[in-house]
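Peer 1: Take this structure first; my questions come after.
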Amino acid sequence: MDYKNIVLTVDEGIANITFNRPKALNAINGVLLKEFEHALEAIAENEDIRVLILTGSGEKAFVAGADIKELSTYNALQAKLFSRRGQSVIGKLQSLSIPVIAAVNGFALGGGSEIALACDFIYASKNAKFGLPEINLGIIPGFGGTQRLPRLIGKNRAKEMILTGKMISADEAFSYGMVNKVCSDEALLADVKTVADEIAAKGKVSVRAAKEAVNRGLEADLQTGCDIECDAFALCLASEDAKEGTTAFIEKRKAVFKGCLTG
Ligand code: CAA
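Under the working numbering, the first residue of the sequence shown carries the number 208, and numbering increases by one thereafter.
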């Protein structure tokens, strides 16, 4: 597919998707959503990719939400289909087996915050702003924001953000536990790349298993979560990565993981 609204690059096992409609602050229209979905499917099939980074093009925005001009033309049925499609694409993002890091470099509003919330963690530039401002448009979040935000920052803070539509700064988002690190505007991408490289150098089996155990466990009761962990732990220990990791420790050297998925 020839992408016009996103840029996909892959370099040494790190994929990067840049939302690329800077004149509209990278707002999500139907075509962008289709391209994003296509890129996620391509990434899911590429075993060489170890980590995905998402960011926005230009200096102002990560993603300023769904394209309001397009939204304003929808009837109820089209709105429902758009919401379902967005939820499904963001579901695909969340269920990627590899870690996904959001590098939020400006406005992450509406659908933009909803994309970031589905990532494994968020680094934000000092100038980043988060919000679910849909209430100001007479609508509500439609790409999972009413569900993922309260799960991440708690019900009452999420309700305050959703009901007032107010934006919060990167520092506030950090204090809410929504953002892992606030970086200077200039350092954001380098800081994200550093942590992505660090994760990419770990064992492929254990990185995927850890992500899956956390995600699936959070949707289950504690005992079921511990059962998921137990199975994943056993699977990891039978992998080549575990053989290398434990041997390297005993031989007092740094582990060199081959990154294969075989046991
Ligand atoms: N959709 C379409 N175009 C958008 C947009 C959006 N979500 N956000 C910004 N733009 C466009 C503006 O229309 C403007 O285009 P023109 O130059 O052609 O007029 C351009 O981007 C620059 O924007 P501003 O001039 O408004 O820039 P600003 O710095 O003054 O303000 C802003 C920035 C505060 C982010 C403001 O643009 C804004 O409030 N945007 C809308 C944010 C929003 O409401 N997002 C939620 C959308 S609904 C949603 O996302 C539903 C869902 O759950 C999926």
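Using N, Cα and C, we set each Cβ at its ideal position, and we do this for glycine too. This one's a predicted model, so the numbers in the text were calculated from it and none came from an experiment.
Let me know if G470 comes out buried or exposed under the rule of 16 or more other beta-carbons within 10 Å of its beta-carbon.
Peer 2: Because G470 carries a pLDDT of 48, less than 50, the predicted location of this residue cannot be relied on, and the following value inherits that uncertainty. With fewer than 16 other Cβ atoms within 10 Å, it is exposed.
Peer 1: Tell me, please, whether the region 271-288 touches the region 399-413 by the rule of three or more beta-carbon pairs shorter than 8 Å.
Peer 2: The region 271-288, when compared against the region 399-413, does not touch it at the 8 Å Cβ threshold.
Peer 1: Express the C-alpha separation of M208 and F440 in angstroms, rounding to a whole number.
Peer 2: So the two alpha carbons sit approximately 38 Å from each other.
Peer 1: If you draw a straight line from the alpha carbon of G293 to that of I235, how long is it in whole angstroms?
Peer 2: Those two C-alpha atoms are separated by around 9 Å.
Peer 1: I need the straight-line Cα distance from I224 to N363, nearest angstrom please.
Peer 2: Those two C-alpha atoms are separated by around 32 Å.
Peer 1: If we call anything under 7 Å between Cβ atoms a contact, is K333 one with S391?
Peer 2: Yes, the Cβ-Cβ distance between K333 and S391 is below 7 Å.
Peer 1: Out of K418, L300, A394 and S413, which has the shortest C-alpha to C-alpha gap to C187?
Peer 2: Outside the modelled stretch of the chain, which goes from 208 to 470, sits residue 187, for which no answer is possible.
Peer 1: Taking A283 and N233 to be in contact with their CB atoms under 8 Å, please state how far apart those CB atoms are, rounded to whole angstroms.
Peer 2: Contact flag wrong, Cβ pair sits at about 26 Å.
Peer 1: Per DSSP, D218 is paired with what?
Peer 2: Partner(s): I221.
Peer 1: Provide the residue span of the beta strand (DSSP E) that contains I308, from first to last.
Peer 2: That run of the beta strand (DSSP E) goes V307 to V311.
Peer 1: How close, in whole Å, do the beta carbons of V311 and L247 come, if the pair is a contact with beta carbons under 8 Å?
Peer 2: 18 Å between Cβ atoms; not a contact.
Peer 1: By DSSP's criteria, K388 is part of a beta bridge. Which residues make up the other side?
Peer 2: The partner list for K388 (beta bridge, DSSP) reads Y330.
Peer 1: Where does I406 sit, in a helix, a strand or coil, going by DSSP?
Peer 2: I406: helix per DSSP, three-state reduction.
Peer 1: Let me know if S279 comes out buried or exposed under the rule of 16 or more other beta-carbons within 10 Å of its beta-carbon.
Peer 2: Its Cβ having fewer than 16 others within 10 Å, S279 is exposed.
Peer 1: Which same chain residues end up closer than 6 Å to V214 when comparing Cβ atoms and leaving out the 5 residues on each side of it in sequence?
Peer 2: So the list reads T225 and N227, once near-sequence residues are dropped.
Peer 1: List the endpoints of the continuous beta strand (DSSP E) containing G265.
Peer 2: Per DSSP, G265 belongs to no beta strand (DSSP E) and is neither H nor E.
Peer 1: Out of K299, G317, F350 and A331, state which residue places its alpha-carbon closest to the alpha-carbon of I371.
Peer 2: Residue identity differs from the one stated: residue 371 is Thr in this sequence, not Ile. The candidate whose alpha carbon is nearest that of T371 is G317.
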